Amino acid sequence: MKTSLKYTAAFLALAAALAPIYWLVTISLKREIDQFASPPLWFSFTPTLRHYSAIFSHDAFGRYFLNSVIVSTCSTLIALALGLPAAYGLVRFPWPHDWARGIGFWILSNRMLPPIVTIIPLFLMLRELRLLNSLSGLVLVDVALNLPFVVWMMRGFIEDLPKEIEEAALLDGESRIGVLLRIVLPLVRPGLAATAVFCLIVAWNEFLFALILSQTESAMTVPVGIASHVTQYEIQWGAMSAAGVVAMLPVLIFAAAAQRYFVRGLSLGALKG
Amino acid sequence: MSLRVENITKRFGAQEALRGVTIEAREGEFVVLLGPSGCGKSTLLRIIAGLEEPDEGTVNLRGRDITRAQPHHRDVAMVFQGYALYPHMTVAQNIGFPLRVRRRPTSEISAEVERIGARLGLSHLLRNLPKQLSGGERQRVALARAIIRRPQAFLMDEPLSNLDSRLRIDMRAELKHLQHELAVVTLYVTHDQVEAMTLASRIAILRDGLLQQYDTPSEVYRRPANLFVAGFVGSPSMNLLPGVVESGVFCRAGLSFGLTSDELRAIGARREITLGFRPEDVEFSATGNPGWTAARVWVTEDLGNETLIRLALDDVHVTLRAPAGTRADFDSLAWFRIRPEQLHWFDTHTTEAIRVSPQEH
Chain G
25 MKTSLKYTAA FLALAAALAP IYWLVTISLK REIDQFASPP LWFSFTPTLR
75 HYSAIFSHDA FGRYFLNSVI VSTCSTLIAL ALGLPAAYGL VRFPWPHDWA
125 RGIGFWILSN RMLPPIVTII PLFLMLRELR LLNSLSGLVL VDVALNLPFV
175 VWMMRGFIED LPKEIEEAAL LDGESRIGVL LRIVLPLVRP GLAATAVFCL
225 IVAWNEFLFA LILSQTESAM TVPVGIASHV TQYEIQWGAM SAAGVVAMLP
275 VLIFAAAAQR YFVRGLSLGA LKG
Chain S
87 MSLRVENITK RFGAQEALRG VTIEAREGEF VVLLGPSGCG KSTLLRIIAG
137 LEEPDEGTVN LRGRDITRAQ PHHRDVAMVF QGYALYPHMT VAQNIGFPLR
187 VRRRPTSEIS AEVERIGARL GLSHLLRNLP KQLSGGERQR VALARAIIRR
237 PQAFLMDEPL SNLDSRLRID MRAELKHLQH ELAVVTLYVT HDQVEAMTLA
287 SRIAILRDGL LQQYDTPSEV YRRPANLFVA GFVGSPSMNL LPGVVESGVF
337 CRAGLSFGLT SDELRAIGAR REITLGFRPE DVEFSATGNP GWTAARVWVT
387 EDLGNETLIR LALDDVHVTL RAPAGTRADF DSLAWFRIRP EQLHWFDTHT
437 TEAIRVSPQE H
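So the sequence lines, in the order shown, correspond to chains G and S.
Our numbering puts the first residue of the first sequence at 25, with every later residue one more than the last.
Our numbering puts the first residue of the second sequence at 87, with every later residue one more than the last.
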C-alpha cells in the first residue's frame, strides 16, 4: 500500500516534469498543421525533421550554438580560476576582525540583486568599453554572474579540508600557490566539478543579459536565438521547439557527466587523510 | 646552539598563550615540550614551524634568525598528530613530496623513497593510498616524509597519541633510536609525561604559557622546580601534603616530624610549606613500628611486578610502591615511613621548591 502510494507520487512528479519536454519534442517533430490539432495528436502524426534542418540552414542557429558554447565555457573557466583562489584566501588567510565573513557576505550579496536592476549600468559600461554585441562582453557579464556562487561554494569545500594537510605541505617546502595548486585543487576537484556544471548551466541558460547586450547575429546566444522565432507576424513553433531540443542537450550531457561529482561534492566533508 | 627560541610571547586576543618562553637545544638533542592541554606547547611548536607568528621574541636556527621567515624557507620538518598525509597521493608520492617540491631528479627521488621506505618497513605499501593504511603505518609514512630531506630540525606534535597503547610503546622506542641515528635536533610536544621521560634528553615543562622547568628527565624527576612539576612528572605522582612549620616541627593532620637544621635554614621564615615525596620513597608495614605513621588502607593495586597502595591519611591520600605480593585489606590499619633523605619541600604560597643544601664546614 505504502509502496504503491510512493510510486504513484513519483509517477505524478515525473509526469509533471516530463510533460513540457514531451510537448517540446513532439512539436519539434510535427508539421505546422499537426501542431495545434484538436484533439491533440499524442503519437499519431507524421514526424518530420524539417524544423531541425531549417534552423541550421535558414537561421544562424549553428552560429548561436557556437556562441553559447564559447560564452558558457569561457565564463565558467574564468569564474573558477578567479573564484577558487578568492575562496582560498578568504578561508585560510588571517583577516583582521570579522573581515573574512564580511567580504564573503558582500560577495554573496552580489547575487541578491535582481539582474534586471544591473542591466542599464552594465549596458552603459559595456558600451564605453566597446564590448556591446561581442562575445567577450557576454563572457565578462557571465563571470560576474557566476563568480559569487563559485566563491561561496568553494569556500565551503575548502573549509572542510583538514588545515593540517596544507600546513604539512608548507613545511615540506611548498609555497602558498603550490599548496593551492598541488594540494587543495586535487582535493576539492569533486566540489569544483559540481560548481563548474552549475556555472555552465547558468551561463548556457542566461537570457536577459544576452538579449540586451547582444543584438547582432555574431554575438547572439541560443536562448536569444530561440526567442527570435517570436516575430512581429508569427510564432515559429516548430523551429523554436527544434532549437529548444538542441539547446537542452548540452545541459543534459553536463548533468549526466557530473552526476557522480554531485554526489561526491555533497559528501566531500567525509574526506579524511 | 642549534635551535634557540628566546623570550617568545604569543597572544590570541586577550589570552596569552606563551609568556616569555626561552628554550635552547644543542645539535642532535631531543627536547620534549611537556604540559597539560592548553599550556601553549603546541603554539610554541607552530611558532618554530612558522605556522604562527610570535608577538615578541625570536626564533633562531643554526645562527639564522627565522622569526619572520615563511614555513617553506625554514628547512624544518614537522610530524602532525593526525599525520596530515596527502590523501590523493600514494605512499611513495607522499614520502617523495618534499624532494619533488625541491625539484630533485626523479631517479634520485625514487631511490631515496625506496631507501627510507625500507628503513621504516614500508616497502610493500609504497603504491597504496593513505586511506588503505593502518594508524601505525600512516605514522611511519609521516615520519618517512619528515626525514627524507634531512631537515635542520624536526618538530613533532603528539605524533603517537592516535596509536593504541602497545603500538605507541614500540613506536616510541623506534622513534628514539631513529632520532639518535639522524642526530637532528628534535622538538617533541606531548602531554604524556611517560613519553616525555622516556624520549627526552631534556624536558621543558610548560603551564599556562610559562616555562616551569627545563632540565634532563632525571633532574626534573629528582629536583622538581615547583609544586606543578612535582605533581605532573612521575606516575603515580608525587605525594604532596601541605602543612605548617611550628618550632622546628612540620605538622599536619595525622603526621608530624622534626626538621633537620639544614631544612630549617632553607625554610627560613616560611610557615606554610608543602611536603613532597615519591611513592617509591615510602616504606610500608602492616604492623606498627615506633616512629612510623598510622593510616587506613584505601585501595591496593597489584601490578604484578609491584603493588601500589593508597593510604587515607586524614583528608589526603598517600600513594606508595610496595613489593609485589604485598597484601593489605581495605580499611585495615597500616603504617608508613618516609625515607628522610628523599624529601622535597615547597613554599605553599609561591609553589616554588625550597632547596635544602647541607651546612658548609
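Every residue gets a Cβ at the ideal spot worked out from N, C-alpha and C, and that includes glycine.
Treat the numbers as computed from the prediction; the structure is a model and nothing was measured.
Task: Cβ neighbour criterion (16 or more within 10 Å) applied to residue 239 of chain G - done: Start at 1 with the first residue of the first sequence, and residue 239 of chain G comes out as number 215. Burial check for residue 239 of chain G: the Cβ neighbour count within 10 Å stays below 16, so the residue is exposed.
TODO: Could you tell me whether the Cβ atoms of residue 120 of chain S and residue 255 of chain S are closer together than 9 Å?
DONE: Counting from 1 along the second sequence, the entry for residue 120 of chain S is found at position 34. Counting from 1 along the second sequence, the entry for residue 255 of chain S is found at position 169. At the C-beta level, residue 120 of chain S and residue 255 of chain S stay beyond 9 Å of one another.
Task: residue 164 of chain S - DSSP class collapsed to helix/strand/coil - done: As a first step, residue 164 of chain S must be located in the second sequence, where it is residue number 78. Residue 164 of chain S falls in the strand class under three-state DSSP.
Open item on the list: On the DSSP bridge list, what partners appear for residue 432 of chain S?
Closed with: By 1-based counting over the second sequence, the position of residue 432 of chain S is 346. For residue 432 of chain S, which the question treats as bridged, DSSP gives the partners S:360 and S:439.
Task: Residue of S:434, S:440, S:221 and S:364 minimising C-alpha distance to residue 424 of chain S - done: Your numbering for residue 424 of chain S matches position 338 in the second sequence. Nearest neighbour of residue 424 of chain S by Cα position, chosen from S:434, S:440, S:221 and S:364, turns out to be S:364.
Open item on the list: I'd like to know whether the C-beta of residue 451 of chain S is nearer than 9 Å to at least one C-beta of chain G.
Closed with: Coverage of chain S is limited to positions 87 through 447, which leaves residue 451 of chain S absent and any answer about it impossible.
TODO: Use the C-beta contact count for residue 417 of chain S: other C-beta atoms within 10 angstroms, 16 or more gives buried, fewer gives exposed.
DONE: Residue 417 of chain S sits at position 331 when you count from the first residue of the second sequence. Answer is exposed; the Cβ neighbour count stays below 16.
Task: Per DSSP, the bridge partner or partners of residue 102 of chain S - done: By 1-based counting over the second sequence, the position of residue 102 of chain S is 16. DSSP lists S:97 as partners of residue 102 of chain S.
TODO: Using a Cβ-Cβ cut-off of 9 Å, state whether residue 274 of chain S counts as contacting chain G.
DONE: On the second sequence, position 188 is the one that residue 274 of chain S refers to. It does not; no Cβ of chain G falls within 9 Å.
- [ ] Go through the region 210–296 of chain G residue by residue and report every complete run of the alpha helix (DSSP H) that reaches 4 residues or more, in order.
- [x] 213–229, 232–237, 246–251, 261–281 and 283–290, all fully within the region 210–296 of chain G.
Open item on the list: Does the CB of residue 398 of chain S have a neighbour CB from chain G at under 9 Å?
Closed with: Residue mapping note: residue 398 of chain S aligns to position 312 of the second sequence, counting from 1. Answer no: the Cβ-Cβ gap between residue 398 of chain S and chain G never drops below 9 Å.
TODO: Report buried or exposed for residue 91 of chain G, applying the criterion of at least 16 other Cβ atoms within 10 angstroms of its Cβ.
DONE: Working through the first sequence from its first residue, we reach residue 91 of chain G at position 67. Its Cβ being crowded by 16 or more others within 10 Å, residue 91 of chain G is buried.
Task: Cα-Cα separation between residue 234 of chain S and residue 205 of chain S, rounded to whole angstroms - done: What you label residue 234 of chain S is simply residue 148 of the second sequence in a count that begins at 1. What you label residue 205 of chain S is simply residue 119 of the second sequence in a count that begins at 1. Taking the Cα positions, residue 234 of chain S is about 11 Å away from residue 205 of chain S.
Open item on the list: Can you confirm whether residue 173 of chain S, when its beta carbon is compared against all beta carbons of chain A, has any partner nearer than 9 Å?
Closed with: Here chain A cannot be found, since the structure's protein chains are G and S.
Open item on the list: Measuring straight from C-alpha to C-alpha, what distance separates residue 201 of chain S and residue 172 of chain G?
Closed with: Numbered from its first residue, the second sequence carries residue 201 of chain S at position 115. Numbered from its first residue, the first sequence carries residue 172 of chain G at position 148. Approximately 48 Å between the Cα atoms of the pair.
Open item on the list: Let me confirm a value: residue 342 of chain S is counted as buried when at least 16 other C-beta atoms fall within 10 Å, else exposed. Which label applies?
Closed with: For the purposes of this step, residue 342 of chain S is taken as residue 256 along the second sequence, with counting starting at 1. With fewer than 16 other Cβ atoms within 10 Å, it is exposed.
Open item on the list: Counting only Cβ pairs nearer than 8 Å, list the residues of chain G close to residue 170 of chain S.
Closed with: The sequence position of residue 170 of chain S within the second sequence is 84, counting from 1. Residues of chain G passing the Cβ test: 186, 188, 189, 191, 192 and 297.
- [ ] Along the beta strand (DSSP E) that carries residue 341 of chain S, what are the first and last residues, could you check?
- [x] Here residue 341 of chain S is taken as the residue at index 255 of the second sequence, counted from 1. Unbroken beta strand (DSSP E) run through residue 341 of chain S: 341–344.
- [ ] Could you tell me whether the Cβ atoms of residue 136 of chain S and residue 194 of chain G are closer together than 9 Å?
- [x] Stepping through the second sequence from its first residue, residue 136 of chain S is reached at position 50. Stepping through the first sequence from its first residue, residue 194 of chain G is reached at position 170. Taking 9 Å as the Cβ cut-off, residue 136 of chain S and residue 194 of chain G qualify as a contacting pair.
Open item on the list: Going by beta-carbon coordinates alone, are residue 408 of chain S and residue 395 of chain S separated by less than 9 Å?
Closed with: The sequence position of residue 408 of chain S within the second sequence is 322, counting from 1. The sequence position of residue 395 of chain S within the second sequence is 309, counting from 1. Yes, these two residues count as a Cβ contact at 9 Å.
TODO: Return the CA-CA distance between residue 433 of chain S and residue 320 of chain S, expressed in angstroms with no decimal places.
DONE: To locate residue 433 of chain S, count along the second sequence from 1; it is residue 347. To locate residue 320 of chain S, count along the second sequence from 1; it is residue 234. So the two alpha carbons sit approximately 20 Å from each other.
Task: Whole-Å CB distance - residue 276 of chain S paired with residue 305 of chain S, under 8 Å assumed - done: What you label residue 276 of chain S is simply residue 190 of the second sequence in a count that begins at 1. What you label residue 305 of chain S is simply residue 219 of the second sequence in a count that begins at 1. With a Cβ gap of about 18 Å, residue 276 of chain S and residue 305 of chain S do not count as contacting.
- [ ] Could you tell me whether any Cβ in chain G is nearer than 9 Å to the Cβ of residue 163 of chain S?
- [x] The sequence position of residue 163 of chain S within the second sequence is 77, counting from 1. Taking Cβ atoms only, chain G reaches closer than 9 Å to residue 163 of chain S, which makes this a yes.
Task: C-alpha gap between residue 105 of chain S and residue 94 of chain S, whole angstroms - done: The residue labelled residue 105 of chain S in the question sits at position 19 within the second sequence. The residue labelled residue 94 of chain S in the question sits at position 8 within the second sequence. Cα to Cα, the separation comes out at about 6 Å.
Task: Counted within 10 angstroms of its Cβ, other Cβ atoms place residue 91 of chain S as buried (16 or more) or exposed - done: For the purposes of this step, residue 91 of chain S is taken as residue 5 along the second sequence, with counting starting at 1. With 16 or more other Cβ atoms within 10 Å, it is buried.
Open item on the list: My output table needs one value for residue 146 of chain S: the three-state DSSP class, helix, strand or coil.
Closed with: As a position in the second sequence, residue 146 of chain S is number 60, starting the count at 1. DSSP, reduced to helix, strand and coil, places residue 146 of chain S within a strand of the structure shown.
TODO: Report yes if the C-beta distance between residue 285 of chain G and residue 210 of chain G is below 9 Å; otherwise report no.
DONE: Locating residue 285 of chain G in the first sequence gives position 261, where the first residue counts as 1. Locating residue 210 of chain G in the first sequence gives position 186, where the first residue counts as 1. No; because the gap between Cβ atoms is not below 9 Å, this pair is not in contact.
TODO: Please check if any C-beta of chain G sits within less than 9 Å of the C-beta of residue 241 of chain S.
DONE: Within the second sequence, residue 241 of chain S is the residue found at index 155, counting from 1. For residue 241 of chain S, the answer is yes, since a Cβ of chain G falls inside 9 Å of its Cβ.
Task: Proximal chain S residues relative to residue 48 of chain G, where beta-carbon distance stays under 7 Å - done: Numbered from its first residue, the first sequence carries residue 48 of chain G at position 24. Against residue 48 of chain G, chain S offers no close residue; the least beta-carbon distance is about 42 Å (beta-carbon pairs closer than 7 Å).
Open item on the list: For residue 28 of chain G and residue 218 of chain G, what's the separation of their Cα atoms in angstroms?
Closed with: Residue mapping note: residue 28 of chain G aligns to position 4 of the first sequence, counting from 1. Residue mapping note: residue 218 of chain G aligns to position 194 of the first sequence, counting from 1. Within the model, the alpha-carbon separation for residue 28 of chain G versus residue 218 of chain G is close to 34 Å.
- [ ] Taking 9 Å as the cut-off, decide whether the C-beta atoms of residue 169 of chain G and residue 254 of chain G are in contact.
- [x] By 1-based counting over the first sequence, the position of residue 169 of chain G is 145. By 1-based counting over the first sequence, the position of residue 254 of chain G is 230. Contact: no.
Open item on the list: Classify residue 348 of chain S: buried if its beta carbon has 16 or more other beta carbons within 10 angstroms, exposed otherwise.
Closed with: As a first step, residue 348 of chain S is located in the second sequence; it is residue number 262 there, counting from the start. Flag for residue 348 of chain S reads exposed.
TODO: Could you tell me whether any Cβ in chain S is nearer than 9 Å to the Cβ of residue 197 of chain G?
DONE: Counting from one through the first sequence, the residue named residue 197 of chain G turns up at place 173. The C-beta of residue 197 of chain G comes closer than 9 Å to at least one C-beta of chain S.
Task: Inside the region 296–354 of chain S only - alpha helix (DSSP H) runs reaching at least 4 residues - done: Considered as a whole, the region 296–354 of chain S harbours 303–308, 313–318 and 347–353 as its complete alpha helix (DSSP H) runs of no fewer than 4 residues, in chain order.
Task: Neighbour list for residue 207 of chain G in chain S, Cβ cutoff strictly below 7 Å - done: Your numbering for residue 207 of chain G matches position 183 in the first sequence. Those within 7 Å of residue 207 of chain G in chain S are 172.
Task: Below-9 Å beta-carbon distance, residue 216 of chain G vs any chain S residue - done: Along the first sequence, one-based indexing puts residue 216 of chain G at 192. For residue 216 of chain G, the answer is no, since every Cβ of chain S falls outside 9 Å of its Cβ.
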